[in-house]
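J.:
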Amino acid sequence: MQGRNGRDDRTLGELFSELARETSTLVRQEVNLAKTEMGQKASRVGKDVGFLAAGGVLAYAGLLAILAGLIVLLGQVIPMWLSALLVGLVVAAVGYFLIKKGLDALKREDLAPRQTIETLKEDQQWIKDQAK
């Protein structure tokens, strides 16, 4: 509310009251932004975990049949125990590769709400400027 001389005619109490209301609104908006941002990140991480689980289950089911056939086939050329050992080592190496790939993807995911952190810094500066 500006008077005739262009000055704000509100009392100091009214100004602080307005600042408190605006700060409260700002904090609520920032909390909502943080919730949204964390929800998006959790969704991406959940999708990566889903890929890990689905890949593991499918690989396991498919490999069981193939491995049994491969062990029997190799067992006709070398002793059955050696055939099973060799096939087991190869399968373990492939499994290790898949697990490592999934874990590396999860490690690259930044879970910190970066956008919210930046806006909170801006809000802090805005509040300091308003208090002057």
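Numbering (this note's numbering), first residue to last: 1 to 132. We put the beta carbon where it would ideally sit given N, CA and C, even for glycine.
Could you check the C-alpha separation between serine 17 and serine 24 for me, to the nearest Å?
T.: Walking along the sequence shown from the start, residue 17 turns up at place 17. Walking along the sequence shown from the start, residue 24 turns up at place 24. If I take the Cα positions, the gap works out to 11 Å.
J.: Using beta carbons (cut-off 7 Å, strictly below), is glutamine 130 in contact with chain B?
T.: Absent here is chain B; the protein component of the structure consists of one chain.
J.: Return the residue from the list Leu33, Lys47, Lys128 that minimises the CA-CA distance to leucine 106.
T.: For the purposes of this step, residue 106 is identified with residue 106 of the sequence shown, where counting begins at 1. It is Lys47 whose Cα lies nearest to the Cα of leucine 106.
J.: What are the complete alpha helix (DSSP H) segments, minimum 4 residues, inside the region 71-110?
T.: Taking only runs of at least 4 residues, the alpha helix (DSSP H) segments lying wholly in the region 71-110 are 80-108.
J.: Using beta-carbon positions only, say whether glutamate 109 and valine 27 come within less than 7 Å of one another.
T.: Residue 109 sits at position 109 when you count from the first residue of the sequence shown. Residue 27 sits at position 27 when you count from the first residue of the sequence shown. Not closer than 7 Å, so no.
J.: Taking a contact to mean a Cβ-Cβ separation below 7 Å, would you say alanine 84 touches isoleucine 66 in this structure?
T.: Locating residue 84 in the sequence shown gives position 84, where the first residue counts as 1. Locating residue 66 in the sequence shown gives position 66, where the first residue counts as 1. Cβ distance not < 7 Å, so alanine 84 and isoleucine 66 don't count as in contact.
J.: If you compare alpha carbons, which of Glu118, Glu122, Ala112 is closest to lysine 41?
T.: Counting from 1 along the sequence shown, the entry for residue 41 is found at position 41. Considering only alpha carbons, the answer is Ala112.
J.: To the nearest angstrom, how far is the alpha carbon of tryptophan 81 from that of glycine 69?
T.: Taking the first residue of the sequence shown as position 1, residue 81 is located at position 81. Taking the first residue of the sequence shown as position 1, residue 69 is located at position 69. The straight-line gap from Cα to Cα measures roughly 14 Å.
J.: Taking the straight line between their C-alpha atoms, what separation do you get for glutamine 29 and leucine 98?
T.: Along the sequence shown, read from residue 1 onward, the residue named residue 29 stands at position 29. Along the sequence shown, read from residue 1 onward, the residue named residue 98 stands at position 98. If I take the Cα positions, the gap works out to 41 Å.
J.: Select from Ile117, Ala131, Gln124 the residue whose C-alpha is nearest the C-alpha of asparagine 32.
T.: Locating residue 32 in the sequence shown gives position 32, counting from the first residue. Minimum Cα distance to asparagine 32 is reached at Ile117.
J.: Pick helix, strand or coil for arginine 10, following the three-state DSSP scheme.
T.: One-based indexing of the sequence shown puts residue 10 at position 10. Reduced to three states, the DSSP call for arginine 10 is coil.
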